[in-house]
Every structure is written in C-alpha cells, then in structure tokens.
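Participant: Counting in my numbering, the sequence shown runs from 2 upward without gaps. Beta carbons: idealized from backbone N, C-alpha and C, even for Gly. These numbers come from a predicted model, not from an experiment.
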Amino acid sequence: MWKQTTKIERNLKIFKEELDDFLPKKILDFHTHICPRVAVPSDIEDAINAGGNKLTEYTMDELKEDLKNLYPERDCYAVCFGVPDKQLD
2 MWKQTTKIER NLKIFKEELD DFLPKKILDF HTHICPRVAV PSDIEDAINA
52 GGNKLTEYTM DELKEDLKNL YPERDCYAVC FGVPDKQLD
C-alpha cells in the first residue's frame, strides 16, 4: 500500500477528523532520504527501500508532492539526506 495519502477519501476523512486541528500549519520532516536516478549506477534497480517498496529513485519533486498530499493545507519543509548504501558509493 504505497503512498497512502489524503488523496484517498477515507484517509482525508481521518486527517480532517483526527489531525487537522492538532497539527501545526508548518511541518518540518527532520529526516528524509532522497535519491535522484543520476546518483544510482545503471545496474542497480532498487536503490531505495521505502517501507518495503523498492524504488529506483525518490526525487525532491516527489517528496514535495508527497508532503503536500500527506499534510494538506500545510507548509511543509524537509531536511534531506542521500541514501547511505555501499552499492551507491
């Protein structure tokens, strides 16, 4: 179940009922890994394991979109790191 965001109606309902009044208007994700495809050797197909989902890349644009969909009507920011993996050194 990759990308369970508020784009899914039942998740938006839960967000509005349980979290909307609780969460601040500005959110900082203090530990996020991103990895553009150009940073991954061509013979590696699954550079990132995101909750059991094997990804070839995860870009800043994807992160921005995901944060927007996870936390609607919030200003979201992130401290980003690369992917610490021997196969990417």
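Indicate the three-state DSSP secondary structure (helix, strand or coil) for Phe82 in the structure shown.
Facilitator: strand
Participant: Measure the Cβ-Cβ separation of Tyr72 and Ile45 and say whether it is below 7 Å.
Facilitator: no
Participant: Can you tell which of Asp86, Glu63 and Gln88 has its C-alpha closest to the C-alpha of Thr6?
Facilitator: Of all alpha-carbon atoms in Asp86, Glu63 and Gln88, the one lying nearest the alpha-carbon of Thr6 is that of Glu63.
Participant: Can you find at least 3 beta carbon pairs, one from the region 15 to 32 and one from the region 72 to 82, that sit closer than 8 Å?
Facilitator: In the pairwise beta carbon analysis, the region 15 to 32 is classified as touching the region 72 to 82: at least three pairs are separated by under 8 Å.
Participant: Given a threshold of 16 other Cβ atoms within 10 Å of its Cβ, counted over all protein chains shown, does Ala48 qualify as buried or as exposed?
Facilitator: buried
Participant: Report the option in Arg75, Met61, Ile15 and Lys65 whose CA atom is closest to the CA atom of Pro37.
Facilitator: Met61
Participant: With distances taken between CB atoms, is the gap from Lys26 to Asn70 smaller than 7 Å?
Facilitator: no
Participant: Mind checking who Leu56 pairs with in its DSSP beta bridge?
Facilitator: Beta-bridge pairing links Leu56 to Ile49.
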